[in-house]
Amino acid sequence: MRESSPLEIEVAVRGRAVPPNRSQRRGRKFRKELGHSNWSLVFDTETTTGLGQRLRVGWYQLYRGARLQKSGLFGDRDALDPGELALVEEYAAERGLPWLTRDQFVDKVFLRYSGKQRALTIGANLPFDISQVSTSHGPAKDKTGFMRGGFSFGVSADPRDPHVQVKRLGARATAIRLTIPDGRSAEARNNERGGDVAQHRGYFLDDLGVGSALFGQKLTLKALADKLGTEHRKLDTDEHGEQIAREYLEYLERDVLVSWECAQALQERYQRFGFSETPITDIYSEASIGKALLTETGAAPWLELQPDPPEWLLASILETYYGGRTECRIRRHAVPGAYLDFLSQYPTVFVLQQLHRYLFAQGFDWHDEDPADLQRLLVQIEPEDVLDSTLWPTLDAICLVRPEGDLLPTRARYRKNQARGGAGAYNLALAYRHGGPAQWWTLADLIASVLETGRVPTLLRVLRFSPRSRQQGLQPVDLNGDPRYRVDPAREDLIKRLVELRQQLKTDAKPARDGGENEREALLEGLSLGLKIEANAIAYGTPIEMNITEHMRRKDLTLTLSDDSRYPCRSRRVEAPGRWFNPLIATLVSSGGRLLLATAISLLHRTGSEYALCDTDSLFAVATKTGGLVPCPGGPHRLPDGREAILALSHEQVREELIERFRPLNPYDGELGSRSILELEPENLDPETGEQIEISCLSLAAKRHALYTLDDHGHPRLVGEAGKRRRSEHGLGHLLLLHNPDQPGAAIDEFWEHLIATELGIHHPEPDYFSQPAIGRLTVTSQPDQNAFKTYNDSKPYTDQIRPWGFVTIAHPHPLERARLGIRCLIGPYSRDLDKLATQEWIDRGNPDRSYRLNLDKPYEISDGTIGAQTIRDYYEAYRSHTDPKMLGPDGERCHPWTRGLLQHHHVTATGLLRIGKESNPLLDPNDLAPEEPTIEYRPRLCVGCGDPLTGRQEKWCKEACRKRFVRAHSA
Amino acid sequence: MSGEPWWEAEEWAERLEEKLAQLGTRTPRCVAEGCPEICPFMLSGVDPEIYCTEHEARRHGRPWLQAHHPPGQHNDPRTVLLPANYHAIPSELQHRWPRETLRNPDGSPLLRAAALTRGLLDTLYLVMVIASEVPVLLEQLDAFLRERLGERWRDEFQAWLHKHA
C-alpha cells in the first residue's frame, strides 16, 4: 500500500446566495384556506399507446359527501375508430351516462366542480390525467415562485378560465394548483373588507403522491388499494391501447372507483394524526407530515423568531453541512461479516444532542470559545468518550480548521474527465485534507477525524451555540385523538417521545395481530409508520428544506461568505429556505450520524478489523464465526500462502466489541431503552434458531452492494425476505425489464446473484433477459425533459405531441452505432409488452424523421433500418465495472474498473472553496434521459483584471481600463 | 324551473361557494349574541365579524324589514315586507330565473305572468322554509316537557291556561 500525493481539486461547500430584495419578500402573509366543498370529482383517462399519448376515453364520478351523484364518460371522438365510437355511445346510452367531448368535460365538469364549486379533485397520477384534458401548455409562472419550473396547462379556450399548474417537487411529490383567473374574485372582496382568505387554487388529491407520503414508499394504485384494504381492487388488463371493448370501459370505471375508495381511506388514515391545521391536500411528501405535526404543536419556526440571522453565520453553518457517509471500503472482493444498523439513527442523534432545546427555543445565540480549550478536549478524546452520552449535548459547536492531514468530509468532483457540461457529480467522501483554505466543520466531524486518524486538527476559531428560552404556547397533540398517544413538546423531547411511542404502538399491535383484530392492527401499524416518518422528517428533513425557484433568466444574487465578505453572483435557479429551515439542527444531526458511524469504525479498527461498506446508518463489519484472517487484496496481513488479508472479528467479538459498547448511548426509556442502538440486522440471524449465520458482502462502489449466502450447490443467494432482499437498486431502478409487477425486485435479485457468481468465479447461467434491450422509462416532468422533445413535437398537432407527464420508453444505441450514426438516444412508445418493445419502431430523439428497429442479436452488423442497441448484458457489464471515484485503490491510484480489495481515502488539497446550493443527483448515464438541472454553483462574479466585484451588466471586466491593462499584460 | 331541487342546482352551489369565500369561512354564523343564523346568504361581513342581515341593519339603525318584489321590480312595482334575513331566500331564488323573465325589457305580458307565477312559487317555498321550522320546534318542545314534567305536563299546562285565561 502506498500513499498517493494529494489531489489538488476545488472543494464544494453548501452556501446560500440571496436576491437583493430578499427582505422585501419576507413577511409574506400566510392566508387562511377556505378548504374544499363537500363535492369530489374523481376522474381517470385512457390514451393511445403512441409516443404522443392521445386521450381516447375517460371516466368521471362526482360525489357529494360519500354519495355518488353523477358519473359519465368523456373522450376524444377523433381518437376512436367508428366501431369504438359506436360501442362507447351504446354503452353510455345503456347505462344512462352522459358521453361528453373533452371540451364539454372541461367546461361542465372540471372547471365547474374543481373550479367554481371547490370540489376535491381526486385521481391516481393526476398530473397525467390533467395533461390529457389540456389543450396547451407552457412554463408555469407564479409571483411567489413556488410553481416556477413546473408547467401550466391550458384546459379551456376561454381566457377567463383558470389554467392548471403542475410542478414536480420531488421523487414522489407533485404540486397541482389552479391559476387565479382575471376579474375580482370573492376572495379579493373578502380581503378588501379585512378578511384573510387565500385565493382559490383548487384542491387536488393525487392518491399516489399522498399514499407514498403516508406509507413512505412509492406505490402503484393496485398496491395502494391492497395496503389500504379498499372494498374494490384494481382490475388487471392487457388491453391498453387495444380496441376498446366493454370490459375495458368497466376496467376504467373500476379504476375511478378504486381511486375514490383509496382517497377516502387515505383521508381517514390522515385524520388519525389529528392535524387540524394542515389539510391532506397540502401533503406532498413525508416531510409534509413532519411539518404538519410541528404546526400542530403551536411551535414557531426559527426564521420567524430570528428573521434576520447574520448572513456570515448562516454561511458558516451551511459550510459544515453534509449528508450521510456512504462508502465502499472493500471493492469487488467478497468478504464474510455482520450487517449492523443504528436504531433510528437521525432521531437518536437528535435526542442524544438534546436538540429539542433548539427546535422549540425562541432562537439561539452564539459566542466565540477559546480554540485551545477545545483542542485540549480533542487531544484526549477516545471512542469511550463518544460512547458516554454526556458528551453529546456539548457537540453544538462549529470550528474553523486549518486542515493538515485530517480525515474530514469533503465534497468535490472526484471523477476524472467530467464531460457533462458541468452537470452534477459532486461526491461526498471522507478525505485526508492537506493545506488549502481554512474551512468550517462541526465539532462532531472533528471528533470523528481524531478517532480515525489520532491527529488533532488545528482550530482557528470556535463558535459555540446556545438555545434561548423555550417558546411559549406549545400545545400537546393527541395522535388519533387518543390521550395515550399524546406528545407534549412543552414537557418532553418530542422526537424521543415519537420513537418510544412507535415502539409502544408496535407492542400494542401484537395482541391485536394475535387476536385477529385486523382493523386495530392496521390502525396501530399505520400510526406507527406515521410516527417513524414524523420523527425522521422533524429530526432531519425539514430543518434543511430548501425550495428551488426556477427563473427564465439568471438572477443577480449576493453571496455572503463565512468571513462576512460579499460577492455578486448569478443563477437561474434561486433557493429559498423552507418554513422550518434550521441549518444548525440539520448540520448537528447529520454530523452526529457520521460520528456514530465513525465511532463504530474506530472500534472496529482498534480490534484490527475492517468494514466492507458503510451507508449512513449501517455498516458491514468483516467477521466470521470464529474470527481470524480472511483474504483481501490490499489488506495489512498475510495468509500463509502469501495472499494479503484482513482480520475478521468473531461473531462474539461483534457483539462484545461493537454492539454492546453502544448500549450506554441508548437515550430511550421503556422497552426500547434496554437495547443497544447498534443492532444486528435480522438477515444475520437464522430465522428458525435465531443464531447468527455467516453472510457475505460484495460491494462495487458506494451504494452498490449485495449481501448473500451460498446455497447447497455453492450458488449465491441474496439474504432477506422475498421482495426485500439485501441488495442495492441504485443505478438499476429505471430499467423496465427489471421490474416485473408480479414479482417485484425478482429480476434485480437475479441480476445481483449472477453478478456475485461471476465475481466469485462460479459458473452461473445468465438470466434470460440479458439479451433484451436495456429500455428505460422517462416521464416528462421538467422543462429540460420537455425541451428534449421539441424537434419531435414541432411537426405534430398538440394532441399527438409528447406532453408533460407523458411517458415514453428510451433505448440506447450500442457505442459503435453511436459513433457511426451519432445517435445518442432512441425513443419509443411506452408499453409493458417486452416483445413489442423489442420489435417496435424507435425514433432518433434528435431527428424524429429517422426511425429504426432494434438489432439485438448482431449489433456489429450494419443493416438499413436497424440499429444495434445496448442490451441488459451491456448494462450489466458497465454496472459491474462501475468505478468508485470517491476512493483510491489499494495501490493508491484512482479506482479502475478492475480495482479490487481494500480501498483508501483520497488525500486532497483544496484549491478553493466553491459555494453550491442544494445538490441534485445527476443521472448515471447522461444519454439515458434529458440531463437534469445541475447543482447550483454560486461563483462570485469578479473582474478578470483586478478581481473587484462586478456589478449590473458587467460580464467580465469592471472597467475598460482593466480589460486593456489585462490584454497589454498578456500580449507582452 | 329545472327538474332538480333548487338547493342542488349547480348555480346555487357555485353561488354558495362564492358567498362562503366572501365571508371567509365554511362555517359562518352571526356573532350577535343569541342569534342562531347560519345561512350564508343571510350573513354579511368577513370572518370573524359576521352579522346576519337583520342584526347588521339594527347595528346601523336601519329597519329590519325589507321590501321584496316577488315577481321582480320590472314586472310589478308592488312590494311585500319581509324580515331581512328571509329576504335573502327569494332574492337568491330570483337569480335562478331566466334573465329575460326577471328583467322583461319589452314588457311582455306572458313573461310578466311567468314572473308572477315564479314569484308565487318562491313565496310558497319561503313559507315552506319558515313553516318547516315549526313542527321540528314543536316536537322538540314536546320531548323537552316530557323530560322535565313527565306525562302530566298537559294537565299542568291546561291548569296554567285556565289560571291565565
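Protein sequences, first through last, are from chains A and B.
Under the working numbering, the first residue of the first sequence carries the number 1, and numbering increases by one thereafter.
Under the working numbering, the first residue of the second sequence carries the number 1001, and numbering increases by one thereafter.
Glycine residues also receive a C-beta, built at the ideal position from the N, C-alpha and C atoms.
Neighbour flag for residue i against chain B, beta carbons, 8 Å
i	result
Gln117 of chain A	yes
Glu683 of chain A	no
Gly195 of chain A	yes
Ser23 of chain A	The predicted position of Ser23 of chain A is uncertain, since its pLDDT is 47 and thus under 50; a value taken from the coordinates is nonetheless stated next. Closer than 8 Å: no.
Arg189 of chain A	yes
Arg754 of chain A	Going by the sequence as given, residue 754 of chain A is His instead of Arg. It does not; no Cβ of chain B falls within 8 Å.
Ala598 of chain A	no
Ala186 of chain A	yes
Arg112 of chain A	yes
His200 of chain A	yes
Endpoints, alpha helix (DSSP H) assigned at residue i
i	result
Val589 of chain A	Pro583 to Arg606
Ile495 of chain A	Leu494 to Asp514
Arg894 of chain A	Per DSSP, Arg894 of chain A belongs to no alpha helix (DSSP H) and is neither H nor E.
Glu1014 of chain B	Glu1010 to Leu1023
Proximity test, Cβ basis, 8 Å: residue i and chain A
i	result
Met1001 of chain B	With a pLDDT of only 38 at Met1001 of chain B, under the threshold of 50, the placement of this residue in the model should not be trusted; the figure read from the coordinates follows. Judged by the 8 Å Cβ criterion, Met1001 of chain B is not in contact with chain A.
Arg1062 of chain B	no
Glu1056 of chain B	no
Ala1088 of chain B	no
Glu1092 of chain B	no
Leu1020 of chain B	yes
Glu1147 of chain B	no
Glu1010 of chain B	yes
Val1046 of chain B	yes
Ala1115 of chain B	no
Residues near residue i in its chain [Cβ-Cβ closer than 7 Å; skip 5 each side]
i	result
Gln783 of chain A	Pro139 and Gly149
Ala448 of chain A	Arg594, Leu595 and Ala598
Phe1157 of chain B	none
Val106 of chain A	Val133, Val155 and Ser156
Residue i: contacting residues in chain B (beta-carbon distance under 7 Å)
i	result
Leu37 of chain A	A small correction: the amino acid at residue 37 of chain A is Ser; Leu does not occupy that position in the sequence shown. By Cβ distance, chain B contributes Glu1017.
Neighbouring residues, chain A, relative to residue i (Cβ below 7 Å)
i	result
Arg1026 of chain B	Leu34 and Gly35
Val1031 of chain B	Simply none; closest approach about 14 Å.
Ala1013 of chain B	Gln117
6 Å CB neighbourhood of residue i in its chain, flanking five on each side removed
i	result
Thr135 of chain A	Gly154
Trp392 of chain A	Leu352 and Gln353
Gln840 of chain A	Gly828
Trp1160 of chain B	none
Arg643 of chain A	Pro631
Arg963 of chain A	Trp957
Arg727 of chain A	Ala706, Leu718 and Trp752
Ala431 of chain A	Thr410, His905, His906 and Val908
Asn1022 of chain A	Examination of residue 1022 of chain A is not possible in this model, given that chain A is present from 1 through 972 alone.
Cut-off 8 Å between Cβ atoms - residues of its own chain near residue i, not counting five sequence neighbours on either side
i	result
Gln117 of chain A	Ser37 and Trp39
Ala586 of chain A	Tyr321, Tyr540, Pro543 and Ile544
Asp493 of chain A	Val351, Gln354 and His356
Delimiting residues of the beta strand (DSSP E) encompassing residue i
i	result
Arg160 of chain A	Run containing Arg160 of chain A: none; DSSP gives neither H nor E here.
Asn855 of chain A	Asn847 to Asn855
Gly1119 of chain B	From DSSP, Gly1119 of chain B is part of no beta strand (DSSP E) but of the alpha helix (DSSP H) over Pro1109 to Leu1149.
Ile1089 of chain B	That residue, Ile1089 of chain B, is in no beta strand (DSSP E); its alpha helix (DSSP H) goes Ala1084 to Gln1094.
His906 of chain A	Gln904 to Ile916
Gln61 of chain A	Leu55 to Arg64
Pro279 of chain A	Careful: Pro279 of chain A lies outside any beta strand (DSSP E) and carries neither H nor E.
Ala623 of chain A	Ser618 to Thr624
Asn793 of chain A	Looking at the DSSP string, Asn793 of chain A is not in any beta strand (DSSP E); the run it does join, the alpha helix (DSSP H), is Lys790 to Asp794.
heavy atom of the ligand GDP below 7 Å from residue i C-beta
i	result
Arg845 of chain A	For the structure depicted, the ligand GDP is absent and the ligand set is empty, with no information on it obtainable.
**OP:** Only counting runs of 4 or more residues, tell me where the alpha helix (DSSP H) segments fall wholly within the region 290–322 of chain A, in order along the chain.
**Re:** Within the region 290–322 of chain A, the complete alpha helix (DSSP H) runs of at least 4 residues fall at 302–305 and 311–319.
Original post:
Which parts of the region 163–249 of chain A are runs of the beta strand (DSSP E), unbroken and 3 residues or longer, counting only runs that do not cross its ends?
Top reply: You should have 164–168, 174–178 and 203–206.
Subject >> Uninterrupted beta strand (DSSP E) stretches inside the region 341–416 of chain A (no shorter than 3 residues) >> reply: As far as the region 341–416 of chain A is concerned, its whole beta strand (DSSP E) runs of at least 3 residues are 364–369, 397–402 and 404–412.
Subject >> 4 or more residues per run - each alpha helix (DSSP H) lying fully within the region 113–149 of chain A >> reply: For the region 113–149 of chain A, the continuous alpha helix (DSSP H) assignments of 4+ residues that do not extend past its boundaries occur at 126–132, in sequence order.
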